[in-house]
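Listed in order, the protein sequences are those of chains A, B and C.
No gaps in the numbering here: position 131 of the first sequence is 131 in my numbering, and each next residue is one more.
The number in my numbering is simply the position in the second sequence, starting from 1, with 1000 added.
The number in my numbering is simply the position in the third sequence, starting from 1, with 2000 added.
Just so it is clear, CB atoms sit at the ideal spot from N, CA and C, and this is done for glycine as well.
Single-structure report; data block below.
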Amino acid sequence: MFLLDPFFWEVVISGLLAGVMYALVALGFVLIFKASGIFNFAQGVLALFAALTLVGFQTGQVPFAHLLEAVLGIHYSHWGEGMSTVIALILSLCVMIGLAWLVVKVVLKPLVNQEGIILFMATIGLAFVLEGVGDLMWGANVKRLDVGLPEGPSDLLLDYTGMFIEKLEISAAVVAIILVILLMLFSQYTKMGRALRAVADDHQAALSVGISLETIWWVVWSISGLVALVAGVMWGAKSGVQFSLSLIALKALPVLMLGGFTSIPGAIIGGLMIGVGEKVFEFYIGPMIGGATENWFAYMLALVFLLFRPQGLFGEKIIERV
Amino acid sequence: MIYREAGQFKVSYQEDQETFPIRFDKVAFWLSIFIVAAVIPFFVNDYWEKSVFLPFFIYSIAAIGLNILTGYCGQVSLGTGGFMAVGAYTSYKLMTSFPGLDMFIVIVGSGLMTAAVGMLFGIPSLRIKGFYLAVATLAAQFFLVWLFNKWEWTYNYSATGQITAPQRDFLGIVVTGAYSKPWATYLFCFAFLFVFAWLARNLVRGHIGRSWMAIRDMDIAAEIIGVNPLKAKLSAFAISSFYIGIAGGLYFSVWLGAAEPTEAFSIDKSFDVLFMIIIGGLGSMIGSIIGAAFIVLLPVFFKTTLVGILGWPTDIAEFSQIILIGSLIIFFLIKEPHGIAALWRTLKEKLRLWPFPY
Amino acid sequence: MNDIDERSFTTPDGRTIGSEILSVKNITLKFGGVTALEDISFDIKEGEIRAIIGPNGAGKSSMLNVINGFYHPQQGEVWFRKKLRPPLKPYQIAYQGVARTFQNIALFKGMSTLDNIMTGRFTHMTSGIAAQAIWKGFAEREEIENREKVEQIIDFLEIQKIRRTEVGRLPYGLQKRVELGRALAAEPKLLLLDEPMAGMNVEEKEDMSRFVLDVNEEFGTTVALIEHDMGVVMDIADRVVVMDYGKKIGDGTPAEVRSSQIVIDAYLGVSHE
């Protein structure tokens, strides 16, 4: 039976690893949604932008080189050999933090009292702006991302179990797990973490004890920026840094539907379920209906969930009080 | 002194409810319609007709459809591309299965089919609020594109996977295929826009339109006055899908002539139409049309100025376009959620008082 | 408008009050561990003005929400016009002839005063989608008929000047008036008002009280209102229900209720054992 088929387990593990990646992106969403009630459509583009910036720093690219050349005729595409990966990572993180500040000042603050649908559409606009700026700054061609993570199939696993699992995916899973643990520790045990939870619970109450909404939003978006950077690096190392990275944001929606929009463990479990579900469905049922089902399976699964449990596995039940 | 607003008193509620209460507006409107309908089609050159007017008319219809759902009823949909595909493929199957069928029936049929498919996706998701419809419409978008790629019956088992519009006519005049004349395709699409815009305008000014807006503004209060939320949202979704289906049918059979699902009906299409209604004006008929004009003309404008005049490479023009549109979305949502249509109204108000500030 | 039966009587100022139009029997409503309403029973007679009073948190709004259909009580029955009412959705109850206003104003912020009040006519408008799309003919005539009714209400409430103003821009007192207009537009058999005078000054309260009385006198509409201002309650209510901590602690005419020791204790805050 299929449980003894090593192929099945390979598919499952591959799905779990992919699921971890989805969970990583979904995490960024949950953080922002919890703290500000905004569904940040731009989360995927943030990951793309972060990865582009990282590669740009690593390879010594001059930002906006193509634009400068076209408009001013300046030919200056590289300022040198690039920086070490560690410095590039730190600098990229700084860029994401600065970007978070900009977003809060320019987009979020003016829209502070608007309803969710307006904010959601604003983040769609933001996604487009970031995508265009990212392309303009670093170019739209596919880039290779190398942060020194081990690549190739895991020989250990191959020898012991006959399964073909990418080392890169394992590293991604490890990194993701570490990140999640760090985030949960931060949220439970630090002053800032407590403040974030307070804001997530009740904006007005948080304001009245002196927590500045703007600062909170900046912190949350910076953390999401960090998560986006990690996600961007992991995805980028796997499949190259390109536009399709931003479409992962769309996949996060079904993850959140399954896990609940406001739950961190939900994002993880939802991500894993989607990851495994996609791969297993495609492997077993895909061939019967033409393949390429990974494009839509996650959404259909989410739709089914909508019918029976709209708040997801761990989300809060929506109670309306009049 | 030319634009007289004063002195036009209404003596009946019927007059009070007119679409153009100011005489100047009414005259200007009908004059423009005359020019658009009777003058332009016979003087426009092929290029302008094909790359500006046809997409403008077709996208206006789609924008009106999406505005009904999102602008008037407050439900976000990201599935416009997929639903246009339903319209297109329904047209294709109708044209190829019933060769004698008049194009008017083909297009209306496409609209009806799309409305049915829309309801199918709408029923599970409209019972709950928030972003859930966005997810369901995303599901629809990706699933439908996949369906039209894989289900060979939809493209008549052709090896290329592409659908091509055969030559068909409307009341004897050829409107699809290589031998259709520009003025014929122009007038065909314009006629659809004119008629269906008028119908939509009627729908939004009566109690059905008000029930949609009530749902959008406060669905709990809407229930108090007797609105069944599911029925109202479903009706908005069905009618919206109908319009988008018509647009999809015209898009394929009259404008493109040939289509392949991943290129022509991708999620980019869904974003395009959404941006049209945000920039043009959520909850405004004229806004839908202005928004469509904007999004259709912008690439043309950028191409002629940035590439043609300034000599910039095309990819920079493309990126600049994306940045501009994204920024405009954010700008309009912050400053004026009712888009260009509302900016125009505010401008008129300011002009009324000018030179006084208030 | 309202049926009169044998058990009706005429008040000193000439209004006719009939038998029960609504009665709630043994209503218990719980949210998780919190009991909002506990075994409450009272009735509302046709044509009267019934006040529901009590300290904050007593469960008054929850009571209205049960009458409205927003909340379904775990126990108890609601009888409307002498018939047991099955669990219905709020919009179905609207069609039965129940209209309401809210404590925090539930107007449609994106629409004008006129449009808001027109929405109140929703249960009376029947033209379908096809008729609406064509407009000329049935749909237009229906719209004009209903517009005439709405204009009567606009005259009655003296809000002609703000007809076209977006309600979001109106001051609080006017918004409350528009909301009343929307409820009246439905020509309800039972009108539920949730703190209609909240946040008003003396003049505005007088105006609003006058409107409520006029509605009751001219149209015979039964009114149930939640109100904190004792002066208003004493002046306009025929009978009063007093609630505290989810229970009923008083039921009678304003004079009876005012002299009840239990009610006085509740308001003055004697400690509860």
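Beta carbon of residue i nearer than 9 Å to that of residue j
| i | j | result |
| --- | --- | --- |
| I1325(B) | I1279(B) | yes |
| S36(A) | L229(A) | no |
| L2184(C) | A2224(C) | no |
| F2102(C) | T2119(C) | no |
| G1248(B) | G1087(B) | yes |
| A1165(B) | M1095(B) | yes |
| G275(A) | G259(A) | no |
| A292(A) | G28(A) | no |
| F1104(B) | F1194(B) | no |
| E2217(C) | G2014(C) | yes |
| Y1059(B) | A1292(B) | yes |
| E1223(B) | A2266(C) | no |
| I2262(C) | G2246(C) | no |
Helix, strand or coil at residue i [DSSP, three-state]
| i | result |
| --- | --- |
| E2038(C) | strand |
| R2050(C) | strand |
| R197(A) | helix |
| P2090(C) | helix |
| K2149(C) | helix |
| L2191(C) | strand |
| M269(A) | The amino acid occupying residue 269(A) in the given sequence is Ile; Met does not appear at that position. I269(A): helix per DSSP, three-state reduction. |
| Q2075(C) | strand |
| K143(A) | strand |
| T2126(C) | coil |
| F2009(C) | strand |
| A1038(B) | helix |
| R2100(C) | strand |
| E115(A) | coil |
| F1053(B) | helix |
| S187(A) | helix |
| V241(A) | strand |
From the options, residue whose alpha carbon lies closest to that of residue i
| i | options | result |
| --- | --- | --- |
| E1262(B) | W1030(B), M1095(B), W1146(B) | Before going further, note that residue 1262(B) is Thr rather than Glu in the sequence given. Taking only the C-alpha atoms, the option nearest T1262(B) is W1146(B). |
| L1297(B) | D1102(B), A1062(B), I1329(B), Q1321(B) | Q1321(B) |
| A2106(C) | F2138(C), Y2172(C), I2226(C), N2146(C) | Y2172(C) |
| D1016(B) | L2084(C), E2143(C), S2062(C), E2046(C) | E2143(C) |
| I1123(B) | L1234(B), F1331(B), I1329(B), F1302(B) | L1234(B) |
| L2029(C) | L2170(C), A2058(C), V2202(C) | A2058(C) |
| D2214(C) | Y2095(C), K2025(C), G2047(C) | G2047(C) |
| T2123(C) | M2234(C), Q2092(C), T2113(C) | Q2092(C) |
| L213(A) | F8(A), G225(A), Q242(A), L108(A) | L108(A) |
| K1181(B) | P1355(B), V1204(B), F1042(B) | F1042(B) |
| R1201(B) | Q1008(B), T1019(B), R1004(B) | T1019(B) |
| D1268(B) | L250(A), Y284(A), V255(A), M273(A) | L250(A) |
| T1160(B) | F1148(B), E1349(B), L1230(B) | F1148(B) |
| W1048(B) | A1134(B), I1316(B), V1300(B), L1126(B) | V1300(B) |
| V219(A) | M234(A), G232(A), V199(A) | V199(A) |
| F1252(B) | F1265(B), F1242(B), Y1243(B), S1241(B) | F1265(B) |
| W221(A) | L196(A), V233(A), I211(A), L207(A) | L196(A) |
| S224(A) | E131(A), L207(A), A47(A), G312(A) | A47(A) |
Strand pairing of residue i, partner residues [DSSP]
| i | result |
| --- | --- |
| M1986(C) | Here chain C covers residues 2001 to 2273 and nothing more, so residue 1986(C) does not appear. |
| P153(A) | E166(A) |
| Q58(A) | Partner(s): none; Q58(A) has no beta bridge. |
| H78(A) | Q61(A) |
| F2080(C) | L2022(C), K2083(C) |
| V1076(B) | DSSP, once it has assigned bridges, lists no residue as partnering V1076(B). |
| V2223(C) | I2049(C), L2191(C) |
| A2131(C) | Its beta-bridge partners do not exist; DSSP assigns none. |
| K2030(C) | T2035(C) |
| D2043(C) | S2023(C) |
| T2016(C) | T2010(C) |
| E2166(C) | S2112(C) |
| A1259(B) | I1163(B) |
Proximal chain E residues relative to residue i, where beta-carbon distance stays under 8 Å
| i | result |
| --- | --- |
| S1110(B) | In the structure shown, chain E does not exist; the protein chains are A, B and C. |
Q) Where are the alpha helix (DSSP H) runs, 4 residues long or more, that stay fully inside the segment 1141 to 1217 of chain B, in chain order? A) 1182 to 1205
Q) Quick one: complete alpha helix (DSSP H) runs, 4+ long, within the segment 1309 to 1339 of chain B? A) 1314 to 1335
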